[in-house]
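Here is the structure we will look at.
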Amino acid sequence: MVSEIQELCSYEALPMLSLNHVSLLCNSVRASTQFYRDVLGFIPIKRPSTFNFNGAWLYNYGIGIHLLENPSRSDLDKLIAKRPINPKDNHISFQCSDIGTMKRRLEAMEVKYAMAVVEDDEGNVVEQAFFHDPDGYMIEICNCEKIPIRPISYNPFIIKDPETCKRRMMNDSGLVMELKMMESLSMDLMNFSF
């Protein structure tokens, strides 16, 4: 698995290290803390006592979840939990090494979930489990490390518009060969750099 991707531009590298936390509004800090602790294994940690609102901080797997109680949420917001489980909806994704264990945990906790499978161009298969937390936020558990992380590089020699390509080929018979050679060279150079 690739842990870092080199920046492919001329800008100064940013001093970013990692995702620190996700902050979620919730109707009940107690219910949400119990869910993230019991279902996903997050551990409550101390948060600054200077906050003048109810909340909780949880931590595990190198990431924090900050729960902020917001009892003034409208009744419409509670409908979020009634939405169908949709993998194309906004969600937080956690990578895991054993989908089977996660499925058994969800079933034991009586959490409804939907499974999806993704296969990339090289035949790598990823399993995904999607479910809602008590406030309707979508969560994904996946074994996404099976799909390699590869930066998409810009190749100025690939013509994306077929009509432009046809017009250019009619005007310059040598252009076709030149474009194919440059595209091949570009792809070979990209293979060397990763």
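Heads up, the sequence shown is in UniProt numbering, so the first residue is 1 and it goes up one at a time.
Positions of the beta carbon are idealized from the N, C-alpha and C atoms, including for glycine.
In this structure, what does DSSP give as the bridge partners for residue i?
i: VAL22; result: ILE65
i: ASN60; result: ILE63
i: ARG142; result: This sequence places Cys at residue 142; Arg is not what is there. CYS142 pairs with GLN95 and GLN128.
i: ILE45; result: TRP57
Please state the DSSP three-state secondary structure of residue i.
i: GLY136; result: coil
i: ALA13; result: coil
i: residue 196; result: With the chain covering 1 to 194 only, the question about residue 196 has no answer from this structure.
i: GLU122; result: coil
i: ILE147; result: coil
i: residue 218; result: Only positions 1 to 194 of the chain appear in this structure, which leaves residue 218 out of reach.
i: LEU79; result: Only weak support is given to the placement of LEU79: the predicted model assigns it a pLDDT of 47, under 50, and the value that follows is read from those uncertain coordinates. In the structure shown, LEU79 sits in a helix (DSSP, three-state: H, G or I).
i: GLU107; result: helix
i: TYR89; result: Residue 89 is actually Asp in this sequence, not Tyr. Three-state DSSP puts ASP89 in coil, outside helix and strand.
i: VAL29; result: helix
Compare the C-alpha of residue i against each of the options and name the closest.
i: LEU24; options: LEU67, GLU12 and ASN52; result: LEU67
i: LEU106; options: ALA129, VAL117 and PRO84; result: ALA129
i: LYS146; options: HIS132, GLY136, VAL126 and GLU140; result: VAL126
i: TYR61; options: PHE51, ILE85 and ILE43; result: ILE43
i: ARG37; options: MET16, PHE53, GLU69 and ILE65; result: ILE65
i: PRO84; options: ILE63, ARG104, MET115 and GLU69; result: MET115
i: ASP120; options: PHE35, CYS144 and ASP133; result: CYS144
i: GLU69; options: PRO15, PHE35, TYR113 and ARG30; result: ARG30
i: LEU40; options: ILE152, VAL118, GLN95 and VAL117; result: GLN95
For residue i, does the count of other Cβ atoms within 10 angstroms reach 16, so buried, or fall short, so exposed?
i: LEU58; result: buried
i: ALA56; result: buried
i: ALA81; result: Residue placement at ALA81 cannot be trusted, given a pLDDT of 48 that sits under 50; what the coordinates show is reported in the next sentence. So ALA81 counts as exposed.
i: HIS21; result: exposed
i: SER32; result: buried
i: ASP135; result: buried
i: ILE139; result: buried
i: PHE53; result: exposed
i: LEU76; result: Because LEU76 sits at a pLDDT of 42, beneath the cut-off of 50, its placement in the model cannot be relied upon, and the point is left open.
i: ILE149; result: exposed
Check whether the region 43 to 58 and the region 91 to 109 touch, using three or more Cβ-Cβ pairs below 8 Å as the test. no
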